[in-house]
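As structure tokens, the structure follows; a few thoughts come after it.
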Amino acid sequence: KENGDVRQPAKRDTSPRLDSSNANIYQETSEYIPECPSPVLMRRSVVDTVTGGIRGTHIERKSCNSKKCPVCSGKVKGQYVGHYSRLFSSLPNLTFVTLTIDPKNGIAAEDSRKYIIDRWSVFRKRIHRRGEFLYVAVPESHKSGYTHLHVLCSLPERATEEFLRSAWFAVGGGVVMDVQPLNTSEHTPEQVVGYVIKYAFKDATEGKGRRSLFCSQGISFHSEKYKQERRDYARRMLLESGHVLPSETDIWEPLTTGVSDPYKSVDTPTSEERRYYRKLAKSLQRTTLYVDKGIVHYVNAAGKIEAKALRAGATRQEISKEIRRVRSLQSVP
Numbered sequence: 295k296e297n298g299d300v301r302q303p304a305k306r307d308t309s310p311r312l313d314s315s316n317a318n319i320y321q322e323t324s325e326y327i328p329e330c331p332s333p334v335l336m337r338r339s340v341v342d343t344v345t346g347g348i349r350g351t352h353i354e355r356k357s358c359n360s361k362k363c364p365v366c367s368g369k370v371k372g373q374y375v376g377h378y379s380r381l382f383s384s385l386p387n388l389t390f391v392t393l394t395i396d397p398k399n400g401i402a403a404e405d406s407r408k409y410i411i412d413r414w415s416v417f418r419k420r421i422h423r424r425g426e427f428l429y430v431a432v433p434e435s436h437k438s439g440y441t442h443l444h445v446l447c448s449l450p451e452r453a454t455e456e457f458l459r460s461a462w463f464a465v466g467g468g469v470v471m472d473v474q475p476l477n478t479s480e481h482t483p484e485q486v487v488g489y490v491i492k493y494a495f496k497d498a499t500e501g502k503g504r505r506s507l508f509c510s511q512g513i514s515f516h517s518e519k520y521k522q523e524r525r526d527y528a529r530r531m532l533l534e535s536g537h538v539l540p541s542e543t544d545i546w547e548p549l550t551t552g553v554s555d556p557y558k559s560v561d562t563p564t565s566e567e568r569r570y571y572r573k574l575a576k577s578l579q580r581t582t583l584y585v586d587k588g589i590v591h592y593v594n595a596a597g598k599i600e601a602k603a604l605r606a607g608a609t610r611q612e613i614s615k616e617i618r619r620v621r622s623l624q625s626v627p
């Protein structure tokens, strides 16, 4: 009965029990893990799989399934890696991108996280204009205190490496990014997903209220579409293994008040911060350049991005001379 009475942890029941929160073949009656240091109160509704009616409702303790939990994080990490590996392994033009900002541009380390996340939102919109763009991105704090962004993505055909570098430079990123096409890489999508997700769990333990993972709309591990796919998969596996589908299933709901916005976090810039970042990005374009593969990229006095190709095997003196020339152009009002 739901009368405020909290049940003690239920004994393990090995009978098959479908659960929408996991991709395993079946779940046990109680998800509570005794070793979990911070179990949470959940409302468990037992639903008849034939009629859809609720047979009973109870309040029970359940493992927290938090990225920060030393017990639960391993299981949750495996679920995330499995989900995004299956999703991205079949997509075209898979690319692993690392976005950074130049600390020489005057951005304080404590502001770099909000700044790079704000610039990322502008950057990805530019990519979207070139076609369908799916991604999962994770911020990582470097030991220097500055944040950079790891992104596994399926790029549109027209989003070339040259376009990515130019676009990131144009939105105020300002420095060389690392672009690794996975179709020519020795790493599999599973390995890259594992690498990216690792930083999501590392980041989750370092700050309260942070979003540790960003992804395209509709592909989240917690989206209803993929929850239903996992339920359907569990049913298929039960039937193929000769089991009879159980007559009831569980629906777990958190005992929380109010509705929190999943897209709001301490990393979400305010309106004033967004205006400041836009101004800062424009000023950085006028003072920032980078040399990559013998090409000097910069923004001219008119605000247009230009690229000056140096001769093959250019010496350090020649590169320095070109940089001084570009600096003099950028100083023109």
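Residues in the sequence shown are numbered from 295 upward in steps of one, following this note's numbering. From the three backbone atoms N, C-alpha and C, an ideal C-beta is built for every residue, glycine too. Predicted, not measured: the structure shown is a model, and the values here were computed from it.
Nearest by alpha-carbon distance to residue i: which of the options is it?
i: residue 509; options: 543, 370, 529 and 487; result: 487
i: residue 482; options: 379, 340 and 329; result: 379
i: residue 511; options: 348, 536 and 429; result: 429
i: residue 577; options: 504, 614 and 464; result: 464
i: residue 395; options: 562, 388 and 407; result: 407
i: residue 570; options: 340, 541, 373 and 409; result: 409
i: residue 480; options: 421, 367, 345 and 389; result: 389
i: residue 355; options: 562, 546 and 563; result: 546
i: residue 371; options: 562, 493 and 614; result: 493
i: residue 404; options: 383, 438 and 336; result: 438
i: residue 411; options: 484, 567 and 614; result: 567
i: residue 383; options: 400, 484, 425 and 351; result: 484
i: residue 575; options: 491, 427, 400 and 455; result: 400
Pull up the distance between the alpha-carbon of residue i and that of residue j, whole angstroms please.
i: residue 319; j: residue 531; result: Bear in mind that a pLDDT of 31 at residue 319, under 50, signals an unreliable position, so the model cannot answer this.
i: residue 459; j: residue 471; result: 7 Å
i: residue 333; j: residue 449; result: 40 Å
i: residue 548; j: residue 353; result: 10 Å
i: residue 505; j: residue 609; result: 44 Å
i: residue 619; j: residue 446; result: 37 Å
i: residue 525; j: residue 519; result: 10 Å
i: residue 543; j: residue 419; result: 41 Å
i: residue 341; j: residue 517; result: 21 Å
i: residue 440; j: residue 392; result: 13 Å
i: residue 475; j: residue 386; result: 10 Å
i: residue 415; j: residue 573; result: 16 Å
i: residue 316; j: residue 373; result: Its pLDDT being 35, under 50, residue 316 is placed unreliably by the model, and nothing is read from it.
i: residue 507; j: residue 431; result: 6 Å
i: residue 535; j: residue 376; result: 22 Å
i: residue 561; j: residue 349; result: 42 Å
i: residue 363; j: residue 612; result: 54 Å
i: residue 360; j: residue 495; result: 9 Å
i: residue 616; j: residue 563; result: 37 Å
i: residue 331; j: residue 338; result: 20 Å
i: residue 461; j: residue 435; result: 23 Å
i: residue 343; j: residue 513; result: 27 Å
By DSSP's criteria, residue i is part of a beta bridge. Which residues make up the other side?
i: residue 431; result: 445 and 508
i: residue 472; result: 392
i: residue 339; result: 351 and 545
Classify residue i as helix, strand or coil using the three-state DSSP reduction.
i: residue 613; result: helix
i: residue 437; result: coil
i: residue 531; result: helix
i: residue 557; result: The pLDDT assigned to residue 557 is 47, lower than 50, so where the model puts this residue is not dependable; a value taken from the coordinates is nonetheless given after this. Of the three classes helix, strand and coil, the one that applies to residue 557 here is coil, per DSSP.
i: residue 563; result: coil
i: residue 334; result: strand
i: residue 484; result: helix
i: residue 422; result: helix
i: residue 464; result: helix
i: residue 538; result: coil
i: residue 515; result: coil
i: residue 451; result: coil
i: residue 402; result: coil
i: residue 523; result: helix
i: residue 329; result: coil
i: residue 575; result: helix
i: residue 608; result: coil
Is residue i near the ligand MN, in the sense that its beta carbon is under 7 Å from a heavy atom of that ligand?
i: residue 516; result: Ligands are entirely absent from the displayed structure, and the ligand MN is therefore not among its contents.
Jot down the residue ranges of each uninterrupted beta strand (DSSP E) in the segment 342-397, minimum 3 residues, whole runs only, in chain order. Entirely contained in the segment 342-397, the beta strand (DSSP E) runs reaching 3 residues are, in chain order, 348-356 and 388-393.
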